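As C-alpha cells, the structure follows; a few thoughts come after it.
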Amino acid sequence: RLVLVKEQSRLEDARRILELSGGEPDVGTSKVGVARMRFTLPNGKKVDRRFHSSDTVAVLRAFLTLHLEESGVEIKNFGLSTSFPKKTFGEEDNTLTLEEAGLAPQAVVMVQDLDA
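Okay, so the sequence shown: first residue is 45 according to my numbering, each after it adds one.
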C-alpha cells in the first residue's frame with residue numbers, strides 16, 4: 045500500500061511540474077526560446093518533444109516519468125545523458141535550465157534504466 049501511495053505521489057509531482065512549465069510550445073511558435081529534444085529510450089524507441097529553453101532538467105524528468113507510465117514502460121528510476129558532448133544529468137542538475145545544461149536549441153538525450 046505504501047508503494048502505491050509513493051507511486052501516485054511521484055506521478056502527481058510530475059504532473060504538477062509539467063503544468064507549471066506551461067506545457068509544450070506550439071509548433072507555430074518562434075524557434076527562439078524553444079528547445080527540441082529527442083529522447084532515446086532503453087528499448088530503442090525515440091520520443092520527440094519541444095520544451096521552453098527556460099524549462100529545467102526537472103521538467104524533462106517529469107515529462108519522461110509521465111510518458112513512461114502512460115506507455116506502460118516499467119522504468120521508475122532513470123538516468124539522462126547526452127553523447128556529444130558526453131554529459132550525464134543527475135538529480136543535482138534538476139534546477140539547471142535547458143539552456144544552462146547545453147540542451148538548447150536541440151539535443152538527443154539517452155534515457156537509461158538505472159534499475160536494469
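Think of the CB as a built atom: it goes at the ideal place given N, C-alpha and C, for glycine as much as any other residue. Predicted, not measured: the structure shown is a model, and the values here were computed from it.
List the residues that DSSP assigns as beta-bridge partners of H96.
Translated into positions along the sequence shown, residue 96 becomes position 52. DSSP lists V78 as partners of H96.
Buried or exposed for R60, going by 16 or more other Cβ atoms inside 10 Å?
Residue 60 sits at position 16 when you count from the first residue of the sequence shown. It counts as exposed.
What is the DSSP secondary structure of F133, counted as helix, strand or coil?
The residue labelled residue 133 in the question sits at position 89 within the sequence shown. Residue state, collapsed to three classes: strand.
So, using beta-carbon positions, are S97 and L140 closer together than 8 Å?
In the sequence shown, counting from the first residue as 1, residue 97 sits at position 53. In the sequence shown, counting from the first residue as 1, residue 140 sits at position 96. Cβ distance not < 8 Å, so S97 and L140 don't count as in contact.
If you run the structure through DSSP and keep just helix, strand and coil, what is V101?
Taking the sequence shown and counting its residues from 1, the one referred to as residue 101 is at position 57. In this structure, V101 counts as helix in the three-state DSSP scheme.
For the putative contact between P86 and V155, defined by C-beta atoms under 8 Å, what is the C-beta separation to the nearest angstrom?
Residue 86 sits at position 42 when you count from the first residue of the sequence shown. Residue 155 sits at position 111 when you count from the first residue of the sequence shown. Sure, about 6 Å apart at Cβ, within 8 Å.
Closest residue to T100 among P149, E144, R93 and G116 (Cα-Cα distance):
By 1-based counting over the sequence shown, the position of residue 100 is 56. Among P149, E144, R93 and G116, the Cα nearest to that of T100 belongs to E144.
So is L147 buried or exposed if we call it buried at 16+ other beta carbons inside 10 Å?
Position 103 of the sequence shown holds residue 147. By the 16-neighbour rule on beta-carbons within 10 angstroms, L147 is buried.
Can you list, in chain order, the residues of its chain with a C-beta nearer than 6 Å to that of R206? Leave out the 5 residues immediately preceding and following it.
A query on residue 206 cannot be resolved here, the shown segment of the chain reaching from 45 to 160 and no further.
Go ahead and label V47 buried or exposed: buried means 16 or more other beta carbons lie within 10 angstroms of its beta carbon, across all protein chains shown.
Within the sequence shown, numbered from 1, the residue matching residue 47 stands at position 3. Only exposed fits V47, as fewer than 16 other CB atoms lie within 10 angstroms of its CB.
When every heavy atom of the ligand COA is checked, does at least one fall within less than 7 Å of the C-beta of G116?
Looking for the ligand COA in the displayed structure turns up nothing, as the structure carries no ligands at all.
Enclosing alpha helix (DSSP H) for D57 [first to last residue]
As a first step, residue 57 must be located in the sequence shown, where it is residue number 13. Start and end: L46 to L64.
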